[in-house]
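Per full-length UniProt numbering, residue 1 is the first one in the sequence shown, and the count goes up by one each step.
The beta carbon of each residue, even a glycine, is placed where N, CA and C say it ideally should be.
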Amino acid sequence: MASLSVIVPTYNEAENITRLVERVHTALAGADYELIVVDDSVDGTQQVLADLARFTPWIHVFHRDGRRGLASAVADGIAAAQGSVVCVLDADLQHPPETLPLLTAALERSGADLAVASRYVPGGRYVTFEAWRRAVSRVATRAAQILLHRARRVADPLSGFFAFRRTAVHGVRLRPIGYKILLEILVRGNLSRVVEVPYSFEIRSAGQSKLTPRQHWEYLQHLCLLAGAQLGNLRSIEVAVLPAPLGSGASE
């Protein structure tokens, strides 16, 4: 049984998935891990994954018919995970796999339940050519911090790149809508301490963004549901920021 489970939701990422698998394997060289890919694709990603899994026994692929959303894909991956620590990242390489060891090390060093890769703490960067996307991200982040008690002290509560101990979701029914699974864990999870680790959110080099007006609407729905759900779990969490190690690639 692997001690670390890495979950990657995919939707039409045939151009990126092979490089992602290679970079994850290099970043986690020597680690006892499994890679769980939950795939909703219709562009050939499924075949690429099948070919990769044939020669790499640590890859487990779950293909779902019909696009059901990134957050639900992660929830399905968590249900299948065997590791005591679970990491989540996107398949588009905007989340650099080289940051994975920093997240797992942050959990170990701090004793935290959840480690968030953050764009918005000192040392983090949000690289994008599109100013409107940066603005939308900031507005959505602020909305979460206003409405959700546990999101207020987290600089990047909408991050899609994070690691947590399985005990953080033990006995927790995750009911996400849309694509912001971290908010679901922040509000519903068994959390006492959260750490944020700076990283550089990179520009997509292949494939197309999946962000649509529908995702914005689902995000608003999810926020409203979580605002009500939090009434059953208002216990505060401690939040700390860990500095980026030298050579990590994060930048002011």
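| Item | Value |
| --- | --- |
| Option nearest LEU147 by Cα separation, candidates ILE177, VAL194, ALA229 | ALA229 |
| Inter-residue CB distance, VAL88 and GLY160 (contact presumed, cutoff 8 Å) | 7 Å |
| When TYR126, ARG165, ARG150 are compared against LEU114, the one with the closest alpha-carbon | ARG165 |
| Rounded straight-line distance, which links the Cα of GLY178 to that of VAL139 | 17 Å |
| From LEU158, ALA117, GLY232, residue whose alpha carbon lies closest to that of TYR219 | LEU158 |
| Where ASP51 sits in the DSSP three-state scheme | helix |
| Residue(s) in a DSSP beta bridge with PHE62 | VAL38 |
| Candidates GLN145, SER200, LEU35: closest to LEU102 by CA position | SER200 |
| LEU114, enclosing alpha helix (DSSP H) - first and last residue | Run containing LEU114: none in the alpha helix (DSSP H); it sits in the beta strand (DSSP E), 114-118. |
| Exposed unless 16 or more other CB atoms sit within 10 angstroms - verdict on THR26 | exposed |
| Classification of GLY83 by the beta-carbon crowding that lies within 10 angstroms, buried from 16 upward | buried |
| 8 Å contact criterion, which VAL6 and LEU35 should meet: CB distance rounded | 5 Å |
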